[in-house]
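First up is the structure itself, then whatever we jot down about it.
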Amino acid sequence: MVDWLYYWRLFRGTGNRKLMKIDDDLKGQDTLKIRWHDARFDDSGVEADYLVFSWPNERFQSGLTLIGFSIAWLAAGTIDLMYLTDTSYLLPVFGSRIATALFGFAMGGWLLVARPQNGDRWPRRVVLIWLMMSTATGVTVSSLYPHTLANAYELEQMLVFNSFWMSVQMLGLGVALSSQLRGVAIASTAYAGSYVANVIYWADVVPYPVVGPTIVLLAGCVFAVVLSIAFSISARRRYYLTWKYNEARAAAERALGFSSFLLSAAGHDIRQPIYALDLNASAIEELAAEGKWDRVMTMIARQRFTLRHISGLIASILELSQLDLHDQKASRDEIDVNALLTGLATSFASLASHHGVSIRVVPTRRHLIADRAVLEHVMNNLVANALTHSGGTRVVLGVRRTTNGWALCVADDGSGFRVDDQTSEPATSGRDITRSGLGSTIMFRLAELGGLELDIRSTAGHGVMARLVCPDN
Numbered sequence: 000m001v002d003w004l005y006y007w008r009l010f011r012g013t014g015n016r017k018l019m020k021i022d023d024d025l026k027g028q029d030t031l032k033i034r035w036h037d038a039r040f041d042d043s044g045v046e047a048d049y050l051v052f053s054w055p056n057e058r059f060q061s062g063l064t065l066i067g068f069s070i071a072w073l074a075a076g077t078i079d080l081m082y083l084t085d086t087s088y089l090l091p092v093f094g095s096r097i098a099t100a101l102f103g104f105a106m107g108g109w110l111l112v113a114r115p116q117n118g119d120r121w122p123r124r125v126v127l128i129w130l131m132m133s134t135a136t137g138v139t140v141s142s143l144y145p146h147t148l149a150n151a152y153e154l155e156q157m158l159v160f161n162s163f164w165m166s167v168q169m170l171g172l173g174v175a176l177s178s179q180l181r182g183v184a185i186a187s188t189a190y191a192g193s194y195v196a197n198v199i200y201w202a203d204v205v206p207y208p209v210v211g212p213t214i215v216l217l218a219g220c221v222f223a224v225v226l227s228i229a230f231s232i233s234a235r236r237r238y239y240l241t242w243k244y245n246e247a248r249a250a251a252e253r254a255l256g257f258s259s260f261l262l263s264a265a266g267h268d269i270r271q272p273i274y275a276l277d278l279n280a281s282a283i284e285e286l287a288a289e290g291k292w293d294r295v296m297t298m299i300a301r302q303r304f305t306l307r308h309i310s311g312l313i314a315s316i317l318e319l320s321q322l323d324l325h326d327q328k329a330s331r332d333e334i335d336v337n338a339l340l341t342g343l344a345t346s347f348a349s350l351a352s353h354h355g356v357s358i359r360v361v362p363t364r365r366h367l368i369a370d371r372a373v374l375e376h377v378m379n380n381l382v383a384n385a386l387t388h389s390g391g392t393r394v395v396l397g398v399r400r401t402t403n404g405w406a407l408c409v410a411d412d413g414s415g416f417r418v419d420d421q422t423s424e425p426a427t428s429g430r431d432i433t434r435s436g437l438g439s440t441i442m443f444r445l446a447e448l449g450g451l452e453l454d455i456r457s458t459a460g461h462g463v464m465a466r467l468v469c470p471d472n
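Reminder that position 127 of the sequence shown reads as 126 in numbering that gives the first Met the number 0, one-by-one numbering, no gaps.
Here's what the structure looks like:
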């Protein structure tokens with residue numbers, strides 16, 4: 000229903016100050032424009048969304064308006080029976096009142112009981128049809144009643160009375176049916192035009208010019224249209240403010256969820272290289288004790304490479320946080336695929352040796368365009384999972400052509416898993432992140448953020464093939 004108290008406070012200047020403050024804060028920003036001449040959004044898509052959003056309230060309000068005004072028309076019909084019974088004007092005046100009232104009762108009840116949906120245009124057309132019928136009835140009554148009067152004084156009083164009730168009716172329709180702005184404008188024009196025509200027609204009969212009532216009616220008709228425009232614009236502005244608020248809240252919730260998600264991803268990514276550092280340190284101690292200094296230097300070089308890999312992971316995590324939190328688009332970096340895969344194999348060499356897994360890189364001279372942070376992050380997860388959870392003895396890294404781009408592949412000969420075993424449980428649950436759980440939470444979301452496509456295929460007992468597809472640009 001219409002928030003009448005809100006509008007009353009708004010016109011008094013003491014309305015919802017919090018909402019008005021938000022409205023002020025939005026001034027100067029890229030806000031949606033509302034046209035003044037028809038009180039509609041410039042953006043047709045937003046206007047369509049608003050009509051769907053506002054239809055339940057509009058339907059209820061229109062139904063009550065039709066029934067309420069129909070009761071008024073029906074009650075006014077008793078006056079016709081009192082004063083027009085012996086005249087030829089009874090049928091057109093009383094008949095038009097009854098027709099408008101019956102149609103209003105039927106259509107108002109239909110709107111309230113059947114509750115037609117917004118997708119059907121007929122409900123709004125029905126309200127417009129009733130509004131035109133009501134206007135035609137009002138014009139008929141105001142034009143024919145003066146012909147039944149016996150003297151100039153009664154005629155003047157009738158014109159004054161017509162001015163009053165027509166003004167009141169238009170003001171009521173302008174507020175109650177503000178969604179039917181065009182209909183209200185047509186009705187106001189018809190009332191004003193017919194009344195001015197009547198005043199001119201009876202100008203030689205009435206003793207004094209009917210100037211005051213004419214001005215009152217014209218002002219009432221104009222004000223009815225202005226009220227209709229003001230209410231329509233105000234409703235759309237409130238809808239827009241609510242939309243912006245919900246949009247901002249959703250963005251904040253996304254950012255909060257992504258922060259937790261990113262912490263889980265970072266913890267998993269950094270844990271594996273740190274574990275490799277620990278293994279390297281133990282190996283260095285053993286080799287140093289045995290005096291194998293050449294092997295010690297090799298392990299130190301591998302240690303240094305692993306540390307650089309950890310530093311790169313931290314940098315990529317920071318870049319990923321910017322990608323989601325600030326709605327930045329994925330960057331377009333040129334990536335040497337062979338260098339990327341070789342670096343991953345070197346970084347995870349100690350971990351692979353610890354698990355008894357060999358890593359083989361299929362050489363390539365391919366270069367891809369993608370977000371480096373996202374690509375390295377997802378590939379790091381895929382390789383770590385293959386080494387830690389596959390249960391196999393071999394992992395192969397390579398690149399191959401697909402129908403829509405190039406796919407970086409991580410394949411193992413492990414036990415695999417059924418598709419039914421995959422889970423979408425968030426990585427923030429505190430449990431150990433398995434290969435299936437991680438794949439369906441972290442890796443898939445990161446790939447989506449970077450504009451990549453991640454496809455993991457497996458058959459129980461036949462290993463896993465993970466493909467990270469970089470679409471053709």
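Glycine included, each C-beta is placed from N, C-alpha and C at the ideal position.
Starting from residue i, trace the alpha helix (DSSP H) in both directions and tell me its first and last residue.
i: V209; result: Counting along the chain, V209 falls outside any alpha helix (DSSP H), and DSSP gives it neither H nor E.
i: D42; result: No alpha helix (DSSP H) contains D42, which DSSP labels as neither H nor E.
i: V140; result: 121–143
i: S187; result: 180–200
i: L158; result: 151–175
i: F102; result: 89–112
i: A351; result: 348–353
Pull the bridge partners of residue i from the DSSP assignment, please.
i: G397; result: C408
i: D454; result: R466
i: E333; result: I368
i: V215; result: BP columns for V215 are empty, so no partner.
i: R58; result: The partner list for R58 (beta bridge, DSSP) is empty, contrary to what the question assumes.
i: I33; result: F40
With distance defined between alpha-carbon atoms, name the residue in the options nearest to residue i.
i: L374; options: G404, N384, G449; result: G449
i: W242; options: G460, F52, L445; result: F52
i: R371; options: R253, A446, W129; result: A446
i: T387; options: L407, A351, F68, A218; result: A351
i: G94; options: V112, L110, R114, V140; result: V140
i: L143; options: V215, L101, W35, L89; result: L89
i: M442; options: R466, S346, S457, A300; result: R466
i: E452; options: M157, T305, D471; result: D471
i: S133; options: E285, V221, I368, I70; result: I70
i: A135; options: S330, V183, A300; result: V183
i: A189; options: L130, V112, G103; result: L130
i: G390; options: W35, A149, H353; result: H353
i: G76; options: A100, S61, G67, G256; result: A100
i: R365; options: L340, I33, H376; result: L340
i: H146; options: A251, R114, Y200; result: Y200
i: I309; options: G415, L343, S162; result: L343
i: V409; options: S330, V336, S43; result: V336
i: I368; options: I358, L73, D332; result: D332
i: I228; options: N245, E285, L180; result: L180
Please check the pair residue i and residue j, which I expect to be a contact at CB under 8 angstroms, by giving their CB distance rounded to whole angstroms.
i: N403; j: V468; result: 7 angstroms
i: G192; j: Q168; result: That pair is no contact at about 15 angstroms.
i: L65; j: M106; result: 6 angstroms
i: L407; j: V398; result: 5 angstroms
How would you write the range of the beta strand (DSSP E) that residue i sits in, first residue to last?
i: R444; result: Not the beta strand (DSSP E): R444 falls in the alpha helix (DSSP H), residues 443–448.
i: R359; result: 357–360
Run the CB neighbour count on residue i, radius 10 Å, all protein chains shown included, and call it buried at 16 or more, exposed below.
i: Q116; result: exposed
i: M296; result: exposed
i: T86; result: exposed
i: S187; result: buried
i: S435; result: Low confidence applies to S435: its pLDDT is 37, below 50, so where it sits in the model is not reliable enough to give any reading.
i: G462; result: buried
i: E57; result: buried
i: E289; result: exposed
i: G355; result: exposed
i: G211; result: exposed
i: R235; result: buried
i: V349; result: Reading off the sequence shown, one finds Ser at residue 349, where the question assumed Val. Buried is the call here.
i: S457; result: buried
i: Y194; result: buried
i: F160; result: exposed
i: A383; result: buried
i: E155; result: buried
i: K17; result: In this predicted model, K17 has a pLDDT of only 45, less than 50, meaning its place in the structure is not dependable enough to derive any value.
i: T392; result: exposed
i: G438; result: With a pLDDT of 44 at G438, under the threshold of 50, the predicted position of this residue should be treated as unreliable, though the coordinate-derived value follows. Buried, because 16 or more other Cβ atoms sit within 10 Å of the Cβ of G438.
i: T305; result: buried
i: D41; result: exposed
i: A459; result: exposed
i: M81; result: exposed
i: H376; result: buried
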